[in-house]
Amino acid sequence: MTREVKPQDTTRAAAFELWMKAPNPMVTFFKTLDVTNLIRVSKRRGLKFNMLLCWCIGKAAAPIREFYLLPVGDRLMQYDSLAVNTIVKNRRGEVSSCDILFSEKLGDFGRDYLRYTEEVVESCADRDLSDACMVIGTSAIIDTELDGAVGMNSGIFNNPFLIWGRYRKRLFRYSLPVSFQFHHTQMDGAHAGRFLENLQKEINHLGENAAGDPASP
Numbered sequence: 096m097t098r099e100v101k102p103q104d105t106t107r108a109a110a111f112e113l114w115m116k117a118p119n120p121m122v123t124f125f126k127t128l129d130v131t132n133l134i135r136v137s138k139r140r141g142l143k144f145n146m147l148l149c150w151c152i153g154k155a156a157a158p159i160r161e162f163y164l165l166p167v168g169d170r171l172m173q174y175d176s177l178a179v180n181t182i183v184k185n186r187r188g189e190v191s192s193c194d195i196l197f198s199e200k201l202g203d204f205g206r207d208y209l210r211y212t213e214e215v216v217e218s219c220a221d222r223d224l225s226d227a228c229m230v231i232g233t234s235a236i237i238d239t240e241l242d243g244a245v246g247m248n249s250g251i252f253n254n255p256f257l258i259w260g261r262y263r264k265r266l267f268r269y270s271l272p273v274s275f276q277f278h279h280t281q282m283d284g285a286h287a288g289r290f291l292e293n294l295q296k297e298i299n300h301l302g303e304n305a306a307g308d309p310a311s312p
């Protein structure tokens, strides 16, 4: 369910007054993640790296209440659920957008990821859940390694957004620089920092967190 809330009834009242009219309310953090365990789980279980990372993103965001609030236009909206967006190359060789509802069960999320990305590839039509869920955007630029990326401030799309390139191998470890952009009305730096720390922890414990999921692919 999605509903409009009064900013003064939330913990973001002061931020709403400060940042809704700011010329550039978007903030970008950069962090290098250790994705060694994610790659090991991906290879051992035959699961897509991008799907696993998207699930870890949803898992890291789920306990942070600020992720369920989002400025939309001049309103503050509250959501009951999260989705993670991925960009896919469709059968025409162009890109399409696909939103996947986040599930605590990796198996359920993985099946939805495969099903809906394949549908988007074939239909060349975006799958948009933004009316029902707070969507975390992602974009994987796998053609090159990236040191960082800053998304655009359109004034329309205020959702949190992560961008990354190819992961890097150094000896026996793998690293992945990511950028995380967020609207300052939605969250402060402390919340963003907590999310990025959660993300690294979810990656580190990925095999353990999914081991008890009977529906895991």
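Numbering (my numbering), first residue to last: 96 to 312. Backbone N, C-alpha and C fix where the C-beta goes; we use that ideal spot for every residue, glycine too.
Top-ranked residue by Cα proximity to residue i, from the options
{"i": "G246", "options": "F197, R222 and H278", "result": "H278"}
{"i": "Q276", "options": "F267, L266 and G288", "result": "G288"}
{"i": "F124", "options": "L266, A244 and N299", "result": "A244"}
{"i": "L229", "options": "Q281, H300, L271 and A108", "result": "A small fix is needed here, since residue 229 is Met in this sequence, not Leu. Closest by alpha carbon: Q281."}
{"i": "I231", "options": "W114, K116 and E161", "result": "E161"}
{"i": "T233", "options": "S274, G205, N248 and E199", "result": "S274"}
{"i": "I237", "options": "R263, A220, Y208 and G168", "result": "R263"}
{"i": "F290", "options": "G153, K116, V215 and A108", "result": "G153"}
{"i": "N248", "options": "S176, P118 and E292", "result": "P118"}
Residue environment, residue i, which counts as buried when at least 16 other CB atoms sit within 10 Å
{"i": "Q103", "result": "exposed"}
{"i": "M121", "result": "buried"}
{"i": "L294", "result": "buried"}
{"i": "D194", "result": "buried"}
{"i": "N254", "result": "buried"}
{"i": "M146", "result": "buried"}
{"i": "L113", "result": "exposed"}
{"i": "M115", "result": "buried"}
{"i": "G205", "result": "buried"}
For residue i, the three-state DSSP class (helix, strand or coil)
{"i": "V216", "result": "helix"}
{"i": "D194", "result": "strand"}
{"i": "R107", "result": "coil"}
{"i": "E303", "result": "helix"}
{"i": "E99", "result": "strand"}
DSSP bridge partner residues for residue i (one or two, in chain order)
{"i": "Y269", "result": "K264"}
{"i": "G232", "result": "F256"}
{"i": "S274", "result": "F125 and I258"}
{"i": "V245", "result": "DSSP output for V245 lists no bridge partner at all."}
{"i": "R210", "result": "According to DSSP, which records beta bridges pairwise, R210 is partnered with nothing at all."}
Complete beta strand (DSSP E) runs within the segment 109-190 (minimum length 3 residues, chain order)
121-129, 164-167, 170-174 and 177-184
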